[in-house]
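Working notes, beginning with the structure itself.
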Amino acid sequence: MRQVLDASILKDFENPFGLKHGLPGVAYVSDEFWRYENDNLFGRHWVFVAFAHQLADSGDVAPVSVGGQSVLLVRDEANEINAFYNVCRHRNLQLIDETGNCGRLIRCPYHSWSYDLCGNLKNAPYFGGEANALPPDFELEDHGLMPVKCAVWHDWVFVNLDAEAPDFENFLQPILNQLGDNDVADYLPVATIEFGEVKSNWKLLMENFIEPYHVQFVHKATTSQPLQDHYPIIDKHCLGSAVDLSEDQVASAGEGTLGVTSHYLTLFPNFVLGTYQPDQLGVHLNIPLSAGVTVQRRVIYAHKDAVYSEQKIQQIKDLWHSVHLEDHAICERLQAGRHSAMAAQGGVLSPHWETSVRVFQELVAAAIRPSLQK
Ligand SMILES: [Fe+2]
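Each residue of the sequence shown is one higher than the one before, starting from 3 at the first, in the working numbering.
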């Protein structure tokens, strides 16, 4: 039987008195809540879906999952990345099922309807009977692929399923403000880490990145960033934290640990960017597949003027691999804990260190509230 969630699940979250509570466990484990997120959160926000350099050539295609919908990304002959609903207009077959190159046409394998890289239907063979015959009331131009709004910022591809999507430049502005003079266009990808599926709700991975409170405990062996040097960042829907270290602190950081001034920034809902002085960026893609499963990939970027040896790149990859696995172990246990009856009240949030987590959760609550029964 279909479960129906009502507004009472947010009772403790919305309590204006005392310590703030987090979102209830049901927000992380319920299929119903996941459907609400698909409809009203991922279906209405700019969602980070891919790295542009992984669609390098004309004809490169990738299927991505957004708000429960399959979306097809394709780089066209003018070097633009386009997004479409990933279904043929004839019988709605899913067109692209794996990353690759389709050449100059996206061809449906069922009846060979073919679309150019801008989504225009070019050929519907035998649809009217003979080889090139078309029915009298059928025009190719009326049956192109259905477009999805798509925008690329440096190496990062975003889509928005909402035809009334807010302006992408406005969406970016808070993170641009936080980056200041640090121009992401100066950074080039040097390595990718594929983590595959993490058995955690996407929000736990985001919340964990946003707050600095856990770093001293979870990343004791991999970081040299004292808690007291951190501060939360809340700038509209750009949420995160930062740690500013002195030259002495950087010089005395533990061998092989992360011990530099770092900014940990997100854009709601799922874009994650870390800056690591003086010359490194990291971006991770969290792709939610269900309430309990998220696929994660990290791309490491180096400043164009930095000289990174193969050995250094491998060391950086190894470090980030370790840091992420430390976080995944925690997020998977957080996910397990969300099934407990004890999680109905959502725990409590630090009024000092988890303020940005609270704002993240308020944005989630605001998005799904219209779906909840009164
Ligand atoms: Fe962490």
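Glycine is no exception: its CB is placed at the ideal position from the N, C-alpha and C atoms.
None of these values were measured; they are calculated from a predicted model.
Task: Cα-Cα separation, PHE15 to VAL192 - done: The C-alpha of PHE15 lies about 42 Å from the C-alpha of VAL192.
Task: Whole runs of the beta strand (DSSP E) within the stretch 149-214, excluding any shorter than 3 residues - done: Entirely contained in the stretch 149-214, the beta strand (DSSP E) runs reaching 3 residues are, in chain order, 149-155, 158-162, 189-200.
Open item on the list: Can you tell me where the beta strand (DSSP E) holding THR277 begins and where it ends?
Closed with: Unbroken beta strand (DSSP E) run through THR277: 273-278.
Open item on the list: Tell me whether the stretch 344-351 and the stretch 185-199 touch, counting them as touching only if at least three CB pairs, one residue from each stretch, are closer than 8 Å.
Closed with: no
- [ ] Report buried or exposed for HIS354, applying the criterion of at least 16 other Cβ atoms within 10 angstroms of its Cβ.
- [x] Looking at its Cβ environment, which holds fewer than 16 other Cβ atoms inside 10 Å, HIS354 is exposed.
Task: Beta-carbon proximity list for MET3, same chain, < 7 Å, skipping 5 on both sides - done: Below a pLDDT of 50, predicted positions are generally treated as unreliable, and MET3, at 44, falls in that range; no measurement from the model is reported.
Task: Three-state secondary structure assigned by DSSP to ASP118 - done: strand
Open item on the list: Could you tell me the alpha carbon to alpha carbon distance between VAL6 and GLN316, rounded to whole angstroms?
Closed with: 48 Å
Open item on the list: Taking the beta carbon of LEU284 as the centre, do at least 16 other beta carbons fall within 10 Å, making it buried, or is it exposed?
Closed with: Note on residue identity: the sequence assigns Gly, not Leu, to residue 284. Buried is the label assigned to GLY284, since at least 16 other Cβ atoms lie within 10 Å of its Cβ.
Task: Residues near ligand 1, criterion Cβ-heavy atom distance below 7 Å - done: Per the Cβ criterion, the list is ASN210, PHE211, HIS216, VAL217, VAL220, HIS221, VAL325, GLU328, ASP329.
Task: Alpha-carbon to alpha-carbon, LEU365 and ASN94 - done: 34 Å
- [ ] Measure the alpha-carbon distance for ASP139 versus GLY121 and round it to whole angstroms.
- [x] 21 Å
TODO: Please classify ALA29: is it buried, with 16 or more other beta-carbons within 10 angstroms of its beta-carbon, or exposed?
DONE: buried
Open item on the list: If contacts are defined as beta-carbon pairs under 8 Å, then GLY276 and SER292 qualify, I think. What distance do you get, rounded to the angstrom?
Closed with: Their Cβ separation, rounded to whole angstroms, is 26 Å, which puts GLY276 and SER292 out of contact at 8 Å.
Task: Between the CA atoms of LYS201 and GLN251 - distance to the nearest angstrom - done: When rounded, the separation of the alpha-carbon atoms in GLN251 and LYS201 is 36 Å.
- [ ] Apply the 10 Å Cβ neighbour rule to ASP157 and answer buried if 16 or more other Cβ atoms are within range, or exposed otherwise.
- [x] ASP157 comes out buried.
- [ ] Out of TRP48, ASP41, VAL309, SER358, state which residue places its alpha-carbon closest to the alpha-carbon of LYS151.
- [x] TRP48
Task: Runs of beta strand (DSSP E) wholly within the stretch 82-142 (minimum 3 residues, chain order) - done: 83-87, 107-109, 116-118, 123-125
Open item on the list: Rounding to the nearest angstrom, what Cα-Cα distance links LYS376 and PHE35 in this structure?
Closed with: 15 Å
Open item on the list: Quick check on VAL31: buried or exposed, where buried means 16 or more other Cβ atoms within 10 Å of its Cβ?
Closed with: buried
TODO: Can you tell me the Cβ-Cβ gap for ARG77 and GLY61, rounded? I've got them flagged as a contact below 8 Å.
DONE: 7 Å
Task: Three-state secondary structure (DSSP) of THR263 - done: coil
TODO: Classify ASP329 as buried or exposed, calling it buried when 16 or more other Cβ atoms lie within 10 Å of its own Cβ.
DONE: buried
Task: Touching by the beta-carbon criterion (3+ pairs, under 8 Å), the stretch 239-251 and the stretch 336-346 - done: no
Task: DSSP three-state assignment for LEU21, whether helix, strand or coil - done: coil
Task: Other residues of its chain near LEU374: CB distance less than 8 Å, five sequence neighbours each side excluded - done: LEU7, ASP8, ALA9, ILE11, LEU12, TYR38
Task: Residue range of the beta strand (DSSP E) that includes ALA52 - done: Segment 49-53, the beta strand (DSSP E) holding ALA52.
Task: 4 or more residues per run - each alpha helix (DSSP H) lying fully within the stretch 333-371 - done: 357-370
Task: Status (buried if at least 16 other CB within 10 Å, exposed otherwise) for TYR266 - done: Only buried fits TYR266, as 16 or more other CB atoms lie within 10 angstroms of its CB.
Task: GLN298 classed as buried or exposed, judged by whether at least 16 other C-beta atoms fall within 10 angstroms - done: It counts as buried.
Open item on the list: Since LEU287 and PHE19 should fall inside the 8 Å C-beta cutoff, what is the C-beta to C-beta distance between them, to a whole number of angstroms?
Closed with: Contact doesn't hold; Cβ gap of about 38 Å is too wide.
TODO: Please confirm if the stretch 109-128 is in contact with the stretch 82-97, defined as three or more CB-CB distances below 8 Å between the two stretches.
DONE: yes
Task: Exposure label - ASN134; buried when at least 16 CB within 10 Å - done: It counts as exposed.
- [ ] Give the range of the beta strand (DSSP E) segment to which GLN298 is assigned.
- [x] 295-305
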